[in-house]
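Asker: Everything in the sequence shown is counted per our numbering, starting at 20 for the first residue and increasing by one. The structure under discussion is supplied below as C-alpha cells; questions concerning it will follow.
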Amino acid sequence: MDRRSFLTKAAIGGAGAAAAATLAAPAIAQANPKVTWRLTSSFPKSLDTIYGGADVLAKYLTEATDGNFTIQPFAAGEIVPGLQAADAVTNGTVEACHTVGYYYWGKDPTFAVAAAVPFSLSARGINAWHYHGGGIDLYNEFLAQHNIFALPGGNTGVQMGGWFRKEINTVEDMKGLKMRVGGFAGKVMERLGVVPQQIAGGDIYPSLEKGTIDAAEWVGPYDDEKLGFFKVAPYYYYPGWWEGGPTVHFFFNKGAYEGLPPAYQSLLRTACQATDADMLQKYDYKNPAAIKSLVAQGTQLRPFSPEILSACFEAANEVYAEMEATNPAFKKIWESIKAFRSENYTWAQIAEYNYDTFMMVQQNAGKL
20 MDRRSFLTKA AIGGAGAAAA ATLAAPAIAQ ANPKVTWRLT SSFPKSLDTI YGGADVLAKY
80 LTEATDGNFT IQPFAAGEIV PGLQAADAVT NGTVEACHTV GYYYWGKDPT FAVAAAVPFS
140 LSARGINAWH YHGGGIDLYN EFLAQHNIFA LPGGNTGVQM GGWFRKEINT VEDMKGLKMR
200 VGGFAGKVME RLGVVPQQIA GGDIYPSLEK GTIDAAEWVG PYDDEKLGFF KVAPYYYYPG
260 WWEGGPTVHF FFNKGAYEGL PPAYQSLLRT ACQATDADML QKYDYKNPAA IKSLVAQGTQ
320 LRPFSPEILS ACFEAANEVY AEMEATNPAF KKIWESIKAF RSENYTWAQI AEYNYDTFMM
380 VQQNAGKL
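Here's what the structure looks like:
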C-alpha cells in the first residue's frame, strides 16, 4: 500500500469514528433519560425491613443508571395514608407504591390472592409461583383494570399469629374477639366469631394499649419488637396461617411503567426481584435474635391449638368456594395457586422437611 492510499483510508476511517462518536452521545442520552418518580409506602420508616424495601429499590436504580432513574420513597401518611397507596398509583398522584395487595381486598378479593391468603403457599412456594408459574402475569392481567402494573417487592416469610391480651385455647375463646388482622384473613375469622379490624401498622400499638382491640397481628419478631406490642399484649401466638409467605408488591402506574424506555423497564424488573430476595433474607437473619429478645422480656409464646387451626382451615375453604363461584378473576388466580400448592408441598415434605426436622432435633438437644 502506498503512502497516499494509506493516508486517504486513514482519513476516511478517522472521520467515520468521529461521526460515530458525535452520534453516540445524544443516542445514549436519549436511551437513558432523566426519570424521577415518587413512591408512597404503606409502612412507617421505623420498620427498616418492610419499609426499607422501597429504599433498597431506589438505591439499586440510582446506582445502575448513574442517577438518571430515581425513585423517592415517602412513608405512609407523608403523601397519602398507608391504606390508600394503591389508589394514589391508580389515579397518578404518584408513579409507584410499596404495599400489600390484601389491604385492598374490600375493593375486590382478587387483590389479596397473589399477596397472601389463608393456607396458601410458603415464601419459597409463592415466589416459585410468581416467577415461574405465571403468577406475575396473572396478577397483572387483573390489575390492568386498576391502571396498575405490579412486581413482587419483598416477602416476610411465614408470619406470627399475633399478640393477644388473653390466652386463646379453643374456638369458643375467639368469639367476640376484636382483632386487627390484615385483609382477607378477617373474612375467614368472622366465621369463627372474630370481629376483624383493618388498622394501619402505625396505629396498632395505641389501639392495643387502650383496649380498643383485643389482639393484633403484624409481621414477626423483628418488626413486632420495634413496635412494642409485647408491652401491652403478653401472649404471642403462632403460626400466622393467613400469611404463610406474604408477597409485598411494588405497584406502578401502568401508563408510567409503559412510558419507560425498554432498558429501564428491564432494569426495574431486575431491581424489584433483587429487592424481593433481599427483604426475605433480612427477615431470616434478624428474626432469630428478636424472638429470643422478646421471650427474655416476658413474651409468652403460644401455638394455636389443632382445634383452632382445623376450624380456620375449614372456614377458609368455605370462603374460597363462595369466592370462586362469584368472582372469575379470583377463581383464575386461586386455581393456579392451588394446583401448584399441591405439587409444592409434595416436594417440600420429602427432602426439605426431613432435613430441617433433623437439624431442629439436634438444635433442641444442644448439639448445634
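The beta carbon of each residue, even a glycine, is placed where N, CA and C say it ideally should be.
Less than 8 Å separating the beta-carbons of ASN174 and THR294?
Answerer: Working through the sequence shown from its first residue, we reach residue 174 at position 155. Working through the sequence shown from its first residue, we reach residue 294 at position 275. No, they are not a contact pair.
Asker: Between the C-alpha atoms of CYS91 and SER285, what's the straight-line distance to the nearest angstrom?
Answerer: Locating residue 91 in the sequence shown gives position 72, counting from the first residue. Locating residue 285 in the sequence shown gives position 266, counting from the first residue. Here residue 91 turns out to be Gln, not Cys, going by the sequence shown. Cα-Cα distance, rounded: 19 Å.
Asker: Give the secondary structure of TYR241 by DSSP, where H, G and I count as helix, E and B as strand, and everything else as coil.
Answerer: Mapped onto the sequence shown, residue 241 falls at position 222. Residue state, collapsed to three classes: helix.
Asker: List the endpoints of the continuous beta strand (DSSP E) containing TYR256.
Answerer: By 1-based counting over the sequence shown, the position of residue 256 is 237. From DSSP, the beta strand (DSSP E) with TYR256 extends over 254-257.
Asker: Considering only residues of the same chain and omitting the five flanking positions on each side of LYS305, which have a CB-CB separation below 6 Å?
Answerer: The residue you call residue 305 lines up with position 286 of the sequence shown. These residues qualify, in order along the chain: TYR241.
Asker: With burial defined as no fewer than 16 other Cβ atoms inside 10 Å of the residue's Cβ, what is the status of ARG288: buried or exposed?
Answerer: Position 269 of the sequence shown, counted from the first residue, corresponds to residue 288. By the 10 Å Cβ count, ARG288 comes out exposed.
Asker: What is the rounded straight-line gap between the Cα of THR41 and the Cα of TYR79?
Answerer: The residue you call residue 41 lines up with position 22 of the sequence shown. The residue you call residue 79 lines up with position 60 of the sequence shown. For THR41, the pLDDT reaches just 42, beneath the cut-off of 50, and the residue's location in the model is therefore unreliable, although a value from the coordinates is still provided. Straight-line Cα distance between these residues: approximately 30 Å.
Asker: Where LEU58 and LEU162 are concerned, what is the direct C-alpha to C-alpha distance, given to the nearest angstrom?
Answerer: For the purposes of this step, residue 58 is taken as residue 39 along the sequence shown, with counting starting at 1. For the purposes of this step, residue 162 is taken as residue 143 along the sequence shown, with counting starting at 1. Rounded to the nearest angstrom, the two C-alpha atoms are 18 Å apart.
Asker: Alpha carbon to alpha carbon, how far is ILE352 from LEU157? Give it in angstroms, no decimals.
Answerer: Along the sequence shown, read from residue 1 onward, the residue named residue 157 stands at position 138. Along the sequence shown, read from residue 1 onward, the residue named residue 352 stands at position 333. In a straight line, the C-alpha of LEU157 is about 6 Å away from that of ILE352.
Asker: Using CA atoms only, rank isn't needed, just tell me which of ARG210, LYS245 and GLY205 is closest to ALA234.
Answerer: The count along the sequence shown starts at 1 and reaches residue 234 at position 215. Nearest of ARG210, LYS245 and GLY205 to ALA234, Cα basis: GLY205.
Asker: Using the three-state DSSP reduction, which class does SER355 fall into: helix, strand or coil?
Answerer: Looking up residue 355 in the sequence shown gives position 336. Helix, per DSSP.
Asker: How far does the alpha helix (DSSP H) with ARG143 in it reach, from first residue to last?
Answerer: Taking the first residue of the sequence shown as position 1, residue 143 is located at position 124. Counting along the chain, the alpha helix (DSSP H) containing ARG143 begins and ends at 142-151.
Asker: ASN110 by DSSP, collapsed to three states: which one?
Answerer: Locating residue 110 in the sequence shown gives position 91, counting from the first residue. Of the three classes helix, strand and coil, the one that applies to ASN110 here is coil, per DSSP.
Asker: Taking C-alpha atoms, which residue in LEU76, PRO100 and PHE359 lies nearest to ALA219?
Answerer: For the purposes of this step, residue 219 is taken as the residue at position 200 of the sequence shown. Here the closest residue by C-alpha is PRO100.
Asker: Should ASP243 and MET179 be called a contact, given that it needs their Cβ atoms to be closer than 8 Å?
Answerer: As a first step, residue 243 is located in the sequence shown; it is residue number 224 there, counting from the start. As a first step, residue 179 is located in the sequence shown; it is residue number 160 there, counting from the start. Contact flag set, yes.
Asker: Is the CB-CB distance between ALA115 and GLU262 below 8 Å?
Answerer: Position 96 of the sequence shown holds residue 115. Position 243 of the sequence shown holds residue 262. Result no, Cβ atoms of ALA115 and GLU262 do not sit closer than 8 Å.
Asker: Could you spell out where the alpha helix (DSSP H) holding PRO325 opens and where it closes?
Answerer: As a working mapping, residue 325 is identified with position 306 in the sequence shown. Residues 325-345.
Asker: Spatial neighbours of GLY35 within its chain, please: CB distance less than 7 Å, with the 5 preceding and 5 following residues excluded, ordered by chain position.
Answerer: Your numbering for residue 35 matches position 16 in the sequence shown. Residue confidence is low: GLY35 scores 43 on pLDDT, short of 50, so the model does not pin down where it sits. No coordinate-derived value is stated.
Asker: Return helix, strand or coil for VAL136, following the three-state DSSP convention.
Answerer: Counted from its first residue, the sequence shown places residue 136 at position 117. Looking at VAL136 - three-state DSSP - the assignment turns out to be coil, as it is neither helix nor strand.
Asker: Compare the C-alpha of VAL75 against each of TYR254, ALA290, ALA340 and THR345 and name the closest.
Answerer: Here residue 75 refers to the residue found at position 56 of the sequence shown. Among TYR254, ALA290, ALA340 and THR345, the Cα nearest to that of VAL75 is on ALA290.
Asker: Compute the beta-carbon to beta-carbon distance between ALA95 and PRO63, rounded to the nearest angstrom, for a pair I have assumed lies under 8 Å.
Answerer: Taking the first residue of the sequence shown as 1, we reach residue 95 at position 76. Taking the first residue of the sequence shown as 1, we reach residue 63 at position 44. Rounded, the Cβ-Cβ distance is 6 Å, consistent with contact.
Asker: Decide if THR129 is buried, meaning its Cβ has at least 16 other Cβ atoms within 10 Å, or exposed.
Answerer: The count along the sequence shown starts at 1 and reaches residue 129 at position 110. Buried is the call here.
Asker: Just how far apart, CA to CA, sit VAL119 and GLY125?
Answerer: As a first step, residue 119 is located in the sequence shown; it is residue number 100 there, counting from the start. As a first step, residue 125 is located in the sequence shown; it is residue number 106 there, counting from the start. If you take the alpha carbons of VAL119 and GLY125, they lie about 13 Å apart.
Asker: In or out: GLN216 buried (at least 16 other Cβ within 10 Å) or exposed?
Answerer: Working through the sequence shown from its first residue, we reach residue 216 at position 197. Under this definition GLN216 is a buried residue.
Asker: Tell me the DSSP secondary structure of LYS197 in three-state form.
Answerer: For the purposes of this step, residue 197 is identified with residue 178 of the sequence shown, where counting begins at 1. In the structure shown, LYS197 sits in a strand (DSSP, three-state: E or B).
Asker: TYR304 CB to nearest chain D CB: under 8 Å?
Answerer: Looking at the structure shown, chain D is missing, and only one protein chain is on hand.
Asker: With a threshold of 16 other CB atoms inside 10 Å of the CB of ILE369, please say whether the residue is buried or exposed.
Answerer: The residue given as residue 369 occupies position 350 in the sequence shown. Counting Cβ neighbours within 10 Å, ILE369 comes out exposed, since fewer than 16 surround it.
Asker: Can you tell me where the alpha helix (DSSP H) holding VAL207 begins and where it ends?
Answerer: For this step, residue 207 is matched to residue 188 along the sequence shown. 204-209 is the span of the alpha helix (DSSP H), which, as asked, contains VAL207.
Asker: Residues in its own chain within less than 6 Å of ALA43 by CB, not counting five upstream and five downstream?
Answerer: Here residue 43 corresponds to residue number 24 of the sequence shown, with the count starting at 1. Summary for ALA43: the model assigns pLDDT 44, below 50, so the residue's position carries little reliability, and this model does not support an answer.
Asker: Kindly indicate which three-state DSSP category TRP261 falls into: helix, strand or coil?
Answerer: Taking the sequence shown and counting its residues from 1, the one referred to as residue 261 is at position 242. Here TRP261 sits in coil by DSSP.
Asker: Measuring straight from C-alpha to C-alpha, what distance separates LEU383 and GLU277?
Answerer: The count along the sequence shown starts at 1 and reaches residue 383 at position 364. The count along the sequence shown starts at 1 and reaches residue 277 at position 258. First, the residue type needs correcting, since residue 383 is Asn and not Leu in the sequence shown. Computed Cα separation, rounded: 52 Å.
Asker: With a CB to CB cut of under 8 Å and the five nearest residues on each side skipped, what residues in its chain are close to ALA37?
Answerer: The residue given as residue 37 occupies position 18 in the sequence shown. Because the pLDDT of ALA37 is 41, which lies under 50, any placement of that residue in the model is unreliable, and the number read from its coordinates should be weighed accordingly. So the list is empty, once near-sequence residues are dropped.
Asker: Secondary structure at GLY32, three-state DSSP: helix, strand or coil?
Answerer: Translated into the one-based positions of the sequence shown, residue 32 becomes position 13. Unreliable positioning characterises GLY32 in this predicted model, as indicated by a pLDDT of 45, which lies under 50. A coordinate reading is not provided.
Asker: Within this structure, are the beta carbons of ILE356 and LEU140 separated by less than 8 Å?
Answerer: The sequence position of residue 356 within the sequence shown is 337, counting from 1. The sequence position of residue 140 within the sequence shown is 121, counting from 1. Yes, these two residues count as a Cβ contact at 8 Å.
Asker: Buried or exposed, going by whether 16 or more other CB atoms sit within 10 Å of the CB of TYR150?
Answerer: Along the sequence shown, read from residue 1 onward, the residue named residue 150 stands at position 131. The residue is exposed, with fewer than 16 neighbouring Cβ atoms inside 10 Å.
Asker: What's the C-alpha gap between ALA46 and PHE271?
Answerer: One-based indexing of the sequence shown puts residue 46 at position 27. One-based indexing of the sequence shown puts residue 271 at position 252. Its pLDDT being 44, under 50, ALA46 is placed unreliably by the model, and the measurement read from it follows with that caveat. Those two C-alpha atoms are separated by around 27 Å.
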